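Worksheet for the structure shown next.
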Amino acid sequence: MIAALEIGLWLFAVMMTGNQVLRAWSRGAFAAPSRFVLVSSTVDAVVALAFVRAVIPPPGLLSWAWVIAAVAVGIGIAGVILRWPTLGWGAPTSGTSRPTMRAVLTAIYAAVGAGMVVVLA
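One gets our numbering by counting positions in the sequence shown from 1 and adding 746 to each.
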């Protein structure tokens with residue numbers, strides 16, 4: 747039972763990491779439509795990796811899997827940096843009626859994620 751939970755948590759962390767990299771580097775249907783999506787996918791991936799590290803630290807050589815996932819998030823962050831100037835705060839279909847509110851919500855989401863990482867560290 748415990749092994750199944752550990753595998754499930756690892757799969758969840760891999761899915762969050764893959765989602766973040768895909769959102770940051772894709773130019774097609776999987777590309778992030780806004781800055782909020784880029785930030786939220788990055789925060790989700792970082793918190794998932796911190797949670798895995800805190801709850802079920804990988805033993806021995808499996809710790810390299812965590813390191814590889816952390817490097818993948820770093821590569822995704824590089825994609826976020828490159829795409830940042832080309833995107834707005836909201837989805838293209840949502841209009842630009844409240845970009846300040848979207849920016850504030852994005853900052854709050856990032857701050858809550860940073861707080862979770864500090865707690866899990």
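Built from N, CA and C at the ideal position, the CB exists for glycine as well.
Predicted model, so just to flag it, every value in this text is computed and none were measured.
Counting only residues of its own chain and dropping the five nearest sequence neighbours on each side, Thr852 has a CB closer than 8 Å to the CB of Arg781, Phe782, Val785, Ser786, Trp835. For a cut-off of 8 Å, the C-beta gap from Val792 to Gly859 is around 7 Å, short enough to register as a contact. In the DSSP assignment, Thr832 falls outside any alpha helix (DSSP H) and carries neither an H nor an E. Closest in C-alpha terms to Met762, from the list Trp830, Ala811, Ala794, Ile821, comes Ala794.
In this structure, Phe758 sits away from Leu866, with a CB-CB distance that is not shorter than 8 Å.
For Phe776, there is no enclosing alpha helix (DSSP H), since its DSSP letter is neither H nor E.
In the three-state reduction of the DSSP assignment, Ile802 falls in the coil class.
In the three-state DSSP reduction, Arg844 falls in the coil class, being neither helix nor strand.
Taken atom to atom, the span from the alpha-carbon of Val826 to that of Ile753 is near 28 Å. Assignment of Ala824 by DSSP, reduced to helix, strand and coil, places it in the helix class.
Selection Ala778, Val767, Tyr855 evaluated against Pro831 yields Ala778 as nearest (Cα-Cα).
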